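When the letters of the sequence shown are read in order and numbered with the working numbering, they come out as residues 50 to 448.
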Amino acid sequence: MSRVCCFIPKIPFFVDAAAKIESYFQRVISLLNASKREGDIAWIAACKLLQFGEPQGFALGYGVHKPNGRGVGPTLAAGLASRAQQILKLGVDDPLIFEVIELFTDGIGPDLISDTQASILEENFLAYSQDIANKLKITNRVTRIIQDRSYSIPAGPNGRGIILLPAEFLTPLPIEMPWESIEYATALDDSVRKQLSELFALAAKRPKKSEVANIIFPHRDVLERLLKSFRESVGAKYDFENDPMGVLRWFEVALNAVQANPEKIGLERRDAAGLVDVVNKITLKFKQNVEQNGLWKEFYREDLRPKHERFGHLVFYAIADAYCDANNLDISRESNGGNGPVDFKLSQGADFKYLVEMKLSTNPKLLDGYTVQLDAYAASEKAEKKSLVVIKLNGKGRN
C-alpha cells in the first residue's frame, strides 16, 4: 500500500487519511518524548499504541498463506519504540519517521508498515468497501463491527470479509533495501554513500538494518533530507491496465500457452512411477513453452528487466493445472501461495507427493534453494519426490 503522503484526497472516504495517520503517530512521539526511561508509564503507553492486531481481509504485502496482515506484537512494538526514540533524540520529531523506520529496524518491513496504516484506517476501508459493494449490488456480505459501527462488506469464498482498496493506493513493494532509488540516494552525502557502498560490498550476506542505522544516525542532516525527500516523493502507483509485473495476467498467459500448445498427457499407472512420469511431462512441456513457443517473452517487462520470480511460480502452477484439467488427470495441485513450491499428488489411491520448486537464475539464493530450501520444503510437505526448475535469464530480454 502506498505511503501516507501519497494518499489522494480526492478519493471519497479517504480525505482525512494522511491527517489521521500523522495524528496517530504524533501521539506516539509525544509519549516517547515524555518518557524518561524504557518501561515507565509513557514508554508503556507508546508501545501499546504501536501494537496492532492482524488486519483482517486486506491481503497486502508479501504474505501468501492467508489474507491477513502480520500485526505488531509487544516485542516488535518495543523495537519500533526504541528505534523511534533513538531518532527523536537526534532532534528529528517528524511523524514520518514511522514511514522510514523499517529501513533501520531489523524484523520490520514495508509490508508491516502497510499493515499498521491499514489498521489505523480500518474504518475508512470498511466504509469504502461497503460503498463499492452497494454500487455493485453485491449480495453475499458479512458484517464487521468497529467502534459500535457496523459495515456490510463483500464475503470471500471462505465466508470471511474482503476489504477493497482503491487501485491508486497500491504500489509494488520493494524487494531489496532501496538505497539506490533516487529519493534515497539524493538524501545521502558522499561520505555516507561511500560508507553504505562499502558495507554492502564487503558484507558476506545482506547487512543488518542496524548496521545501516549506525552509518546514517550520526548525520542528522542526512536523516532530515531523507525525510524531506520521502515526503515530497510521489509513490509510483501500479499500472494495472498494462500490468508490467504480470500480477493479473499470469493466468491468461498460462491458459493461452496451453491452448496454443495442447498436449495429450495420460496417467498410465496409478502409482508413484505414474505420477512422476506425468509431472515430468508437464515440466518438459513448460520448458518447451518457454524456450520454443515464445513464453520466455512474458518473463520480462517492457524495459527488459525480469519480472518478479512470483510470476514464474504462478505461470507454472497455472500451466500444470490447465494440462491436468485438459487431460482429465486424477491429480491434484497444491500451492503454498505465489512464492511457494507446487505439490502434485494423486487425487485418490496411492499416498505419494511430488514437489516442484521454481527459481529464476537471477535469484541470489539459487544455490541455497537447491542445497537447502528444496529439501526443507520436501520434508515439510512430506513429498517423496522433488525437483527444482530453473528459468535462466540473461537480463537482456531473451532466455
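Glycine included, every Cβ here is placed at the ideal spot set by N, Cα and C. These figures come from a predicted structure and were not determined experimentally.
With the rule of 3 Cβ pairs closer than 8 Å, the region 396-415 counts as touching the region 317-324.
Proximity to V296 across L245, P267, F348 peaks at F348, based on C-alpha coordinates.
With a cut-off of 8 Å on Cβ pairs, the region 159-176 is in contact with the region 60-72, counting three or more such pairs. Contact between the region 124-132 and the region 180-199 is not established, with fewer than three Cβ pairs separated by less than 8 Å. Using a Cβ distance threshold of 7 Å, A94 and L81 do not count as a contacting pair. Annotation: V339 is outside any beta strand (DSSP E); the continuous alpha helix (DSSP H) that includes it extends over 321-340. Closest option to Q179, judged by alpha-carbon separation, among T188, R274, D424, Y200: Y200. With contacts defined by Cβ atoms closer than 7 Å, V364 and M407 do not form a contacting pair. Taking the C-beta atoms as reference points, A262 is found no nearer than 7 Å to I368. CA-CA distance, Y287 to D89, rounds to 43 Å. The beta carbon of G315 sits closer than 6 Å to no other beta carbon from its chain once the five residues preceding and following it are set aside. Secondary structure of P413 (DSSP, three-state): coil. Boundaries for R190: no alpha helix (DSSP H) harbours it, while the beta strand (DSSP E) harbouring it runs 190-195, taken from the DSSP string.
Judged by DSSP in its simplified three-state form, R76 adopts helix. Here T154 is buried. Its C-beta has 16 or more other C-beta atoms within 10 Å.
Distances from the CA of Y372 to each of S410, W92, Q308, P256 were compared; the closest alpha carbon is that of Q308. DSSP places F401 in the coil class of the three-state scheme, outside both helix and strand. The C-alpha of V271 is placed about 30 Å away from the C-alpha of G120. The beta carbon of P123 lies closer than 8 Å to those of C96, Q100 in the same chain, with the five residues before and after it left out.
Residue nearest to I265 within the set I136, Q105, I440 is I136 (criterion: CA-CA distance). Apart from sequence neighbours up to five positions away, the residues of its chain that approach N376 with a beta-carbon distance below 7 Å are K313, I314, G315, ordered along the chain.
Beta-bridge partners of G210 (DSSP): A204. Boundaries of the beta strand (DSSP E) harbouring L437: 434-440, taken from the DSSP string.
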